[in-house]
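Using our numbering, read the sequence shown as starting at 13 and increasing by one per residue.
Here is the structure we will look at.
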Amino acid sequence: MTHNGIVRCAIYTRTATQDGSELLAAMQAQRESAESFIADHAGNGWILVPERYDDPEMSGLSNDRPGLKRLLSDVQDGKIDCVVTSSLDRLSRSFAIMAAVSSELALNGVQLVTVKPVVHGRLRLLRLVWVSYDE
C-alpha cells in the first residue's frame with residue numbers, strides 16, 4: 013500500500029548475543045545496507061520512517077522481541093508500507109514465527125523486502141517455501 017505515491021519503509025535489525033563492538037558493527041552494517049537499499053528506490057517513492065526497530069542481543073528463535081513487537085504494532089496502525097531487513101534470518105530463524113509475521117504483514121498490505129538475497133512482493137515465494145517444508 014502506498015500513500016500518494018510514497019512508500020513508507022521501516023528497517024528491522026537484529027543480532028544474537030555478541031561482544032559489544034561486534035554487536036554495534038553488525039547492527040550498523042544491517043542498517044546501512046537497508047538504508048542504501050531504500051535510497052536506491054527513492055525514485056519509486058520509497059522513504060525511510062524515522063522510528064528504529066532494532067533488537068540487539070535477541071535470538072531469532074524468540075518471539076519476545078521489543079523491536080519486532082513495535083514494528084508489528086506500527087504495521088497494524090497503518091504507519092508502514094514496507095519492511096526492509098538485510099536478510100530473512102534477521103527477521104526470524106523460526107518458520108512458525110516467520111509465517112506469523114509474514115501473515116501479519118500481508119494482512120495489512122505491507123511488503124517485506126530483504127537486501128540479500130532480494131525477496132520482494134507479497135511473500136508468495138516464502139509461502140511456497142513454507143508449504144514445501146510442511147509436506
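Glycine is no exception: its CB is placed at the ideal position from the N, C-alpha and C atoms.
Note that the structure is a prediction, hence the values are computed from the model and not measured.
Residue span of the beta strand (DSSP E) that contains I18, given as start and end = Here I18 belongs to no beta strand (DSSP E), and DSSP marks it neither H nor E.
Spatial neighbours of N120 within its chain, please: CB distance less than 7 Å, with the 5 preceding and 5 following residues excluded, ordered by chain position.
-> V87 and Q88.
Any idea what DSSP makes of L124, helix, strand or coil?
-> strand
Look up L103 in the DSSP assignment and say whether it is helix, strand or coil.
-> Looking at L103 - three-state DSSP - the assignment turns out to be helix.
Give the DSSP-derived three-state secondary structure of A28 in the structure shown.
-> Per DSSP, reduced to three states, the secondary structure at A28 is coil, with no helix or strand assignment.
Is the segment 16 to 23 touching the segment 58 to 78 in the sense that three or more CB pairs, one from each, lie closer than 8 Å?
-> yes
Residues near R77 by beta carbon distance below 8 Å, same chain, minus five either side = R26, D67 and M70
Around the Cβ of I18, are there at least 16 other Cβ atoms within 10 angstroms (buried) or fewer (exposed)?
-> exposed
Outcome for G72 when other beta-carbon atoms lying within 10 angstroms are tallied against a minimum of 16 = buried
Whose CA, out of A54, S74, R43 and E47, lies closest to the CA of A28?
-> S74
Enumerate in chain order the residues of its own chain whose CB-to-CB distance from M110 is below 6 Å, with the five nearest sequence positions on each side excluded.
-> S104
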